[in-house]
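Below: one structure, written as structure tokens.
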Amino acid sequence: MNEPKLQAPGAGIPALELLIAKHFIFPKRFKTTSNQKAIADFREESEKILKLARGLTPQQLSERRLIPRLRGLEDSSRYWSVAMAMEHLIIVGTGTRGIILALARNHTDLPKRGTADVKPSTELDALEIVGKFEEFTNTFVRSVEKVDFDKYPEAGHPHPWFGPLTARQWLVFAAPHQKIHRQQIEAIIQRL
3 MNEPKLQAPG AGIPALELLI AKHFIFPKRF KTTSNQKAIA DFREESEKIL
53 KLARGLTPQQ LSERRLIPRL RGLEDSSRYW SVAMAMEHLI IVGTGTRGII
103 LALARNHTDL PKRGTADVKP STELDALEIV GKFEEFTNTF VRSVEKVDFD
153 KYPEAGHPHP WFGPLTARQW LVFAAPHQKI HRQQIEAIIQ RL
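According to my numbering, the sequence shown is numbered sequentially starting from 3.
And the structure:
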């Protein structure tokens, strides 16, 4: 398949979708989701992704497929492989973990990154990605379980779409991000 014409990385999601997520979905989630629930949801989404990936051959993990745009997914992310989606989750999740740990120590002078900065490589070792993803998940969960989210509740760092988020908000945001890309992985697998 020829490379499809998609929007450039960093173009974002449709304005109405962003508005609803920013002003309704996430504020409600931030108020109603405990830290323990956020961690459990993150682990659950990661386990679903691992189960899907373990059922694929290295070739299937590496095959890119064009999928319809899903809610919360940039247009530029529609032509990925399962391995690319997992690599993206490792990149974003590792960054999110670093932001959470820094904000929990009141370190707010962090570099800003946009969505274009966290796109995966098209050249990935499919044999290694499942193990790397499992290791990343375990490290993320172990790290955030130890965080005192109440020590510096006002310390924040901007998300490229949603503006300033506290350490706790970054934590609560992590599982829905995993879910979007789990749905992406499911859509890719349907087209293999």
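Glycine included, every Cβ here is placed at the ideal spot set by N, Cα and C. Please read all numbers here as calculations on a predicted model, not as lab measurements.
Check whether residue i and residue j have beta carbons under 8 Å apart
i      : j      : result
Val143 : Arg31  : no
Gln171 : Glu47  : no
Leu105 : Ser145 : no
Arg56  : Val132 : yes
Leu126 : Pro60  : no
Phe26  : Phe164 : no
Ile92  : Lys24  : no
Ile41  : Glu147 : yes
Gly100 : Pro162 : no
Leu68  : Pro6   : yes
Arg73  : Thr139 : no
Beta bridge counterpart(s) of residue i as assigned by DSSP
i      : result
Pro166 : Pro160
Trp82  : Arg67
Assumed close pair residue i, residue j - CB separation to whole angstroms, cut-off 8 Å
i      : j      : result
Leu63  : Ser83  : 6 Å
Ala169 : Asp43  : With a Cβ gap of about 17 Å, Ala169 and Asp43 do not count as contacting.
Pro166 : Lys114 : That pair is no contact at about 11 Å.
Glu188 : Leu21  : Going by Cβ atoms, the distance from Glu188 to Leu21 rounds to 26 Å, so no, they are not a contact pair.
- Would you check if the region 3-14 and the region 141-157 touch, i.e. whether three or more CB-CB distances between them fall below 8 Å? Fewer than three pairs of CB atoms, one per stretch, sit closer than 8 Å, so the region 141-157 makes no contact with the region 3-14.
- Item | 3 or more residues per run - each beta strand (DSSP E) lying fully within the region 136-160 | If we require 3 residues or more, the region 136-160 turns out to have no beta strand (DSSP E) run fully inside it.
- Are three or more beta carbon pairs between the region 182-193 and the region 84-94 nearer than 8 Å? These segments touch.
- Item | the region 93-102 / the region 75-83 touching (three or more Cβ pairs under 8 Å) | Contact between the region 93-102 and the region 75-83 is absent, because fewer than three Cβ pairs lie under 8 Å.
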